[in-house]
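Residue 46 is where the sequence shown starts when you use my numbering, and the numbers rise one by one after that.
Built from N, CA and C at the ideal position, the CB exists for glycine as well.
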Amino acid sequence: MMMKNKICLVTGGSRGIGNGIVKQLSAKGYKVAFTFNEKEKLAQDLESQLNKNGGNVKSFQMSIENRESVVLTLEKIKKYFQSTVSILINNAAISQEKPFNTITDRDWELMLKVNLQGPFICLQEALPDMIKNQWGRIINITSIGGQWGGYNQVHYAASKASLINLTQSIAKIYSKEGITSNAVAIGLANTDMSGAELDSVEGKKKVENIPIGRIGTIEEIANVVEFLCSDGSTYITGQTINVNGGMYFG
Ligand SMILES: NC(=O)c1ccc[n+]([C@@H]2O[C@H](COP(=O)([O-])OP(=O)(O)OC[C@H]3O[C@@H](n4cnc5c(N)ncnc54)[C@H](OP(=O)(O)O)[C@@H]3O)[C@@H](O)[C@H]2O)c1
């Protein structure tokens, strides 16, 4: 199967949605490099679980906002898999719930640094090999907050809106090089990131208003990401695919 030759890099695969994406891609026969920031044990558990089941998966510590760390990790991936990354899934991110008028300059800077500069650095460092091979897939994980704003996480929403725009620019510049660039905009799924929101009164109201009537599963999100990696998606680029149960139509 052709996919076996493709190496994916999933940032933030230790937990949550990234973890589900790693599992799905491994099950479909991809070689998967994935990263963690601090949760090494979780990453190692996932790696050994998948490799026991016939996967070819390897985890690496990488701080996405630190260019040296990204460069070093890409070198390690090349050495380990004897090949370069063809599919980049920018999934790692942080969030912070805070009323707008209490967001500090430091909060704002950190949010934009991790959620926007991180993907920017990963893109700049991973794209040259994709250009050389005239084949690549970029999938940026964004949020409904980046499409309709946020009440309690304005800086997070702004970072995710910018990621959609970055996705479009990369599609404009690189699609002729055989590289597609798309975003997946998630509504709500149950992870460490969304736990507090889902437990809150506003969060419960939000869920009640989802046309499908429930939050998404991690598998439902991973399925769409996997489709965007596959040869079924060759004519899709610059798009934001909404995986939100109908919360937002666009
Ligand atoms: N959950 C939702 O409802 C929801 C909704 C909309 C969009 N999203 C988006 O979906 C993506 C995944 O979210 P999630 O809910 O799965 O989050 P999560 O459970 O909090 O997991 C975050 C992942 O990112 C990694 N990470 C955090 N900061 C990092 C940094 N500075 N450098 C490198 N890696 C870092 C974490 O590594 P460690 O484990 O080592 O800390 C972890 O693997 C994010 O882009 C998020 O914005 C989620």
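With a threshold of 7 angstroms, the Cβ atom of K84 counts as near ligand 1, since some heavy atom of the ligand is closer than that.
Shortest gap from the CB of S108 to any heavy atom of ligand 1: under 7 angstroms. With contacts defined as CB atoms closer than 8 angstroms, F81 and V55 fail to qualify as a contacting pair.
For F145, no alpha helix (DSSP H) run applies, since DSSP gives it neither H nor E.
In the DSSP assignment, F294 falls outside any beta strand (DSSP E) and carries neither an H nor an E. Looking at the DSSP output, V55 sits in a beta bridge with F79, I134. Looking at the backbone, the Cα of E271 and that of N64 are separated by about 13 angstroms. Here the region 256–276 makes contact with the region 225–238; the two share three or more CB pairs at distances below 8 angstroms. At a Cβ-Cβ threshold of 8 angstroms, V102 and S131 do not count as neighbours.
Ligand 1 has a heavy atom closer than 7 angstroms to the beta-carbon of I62.
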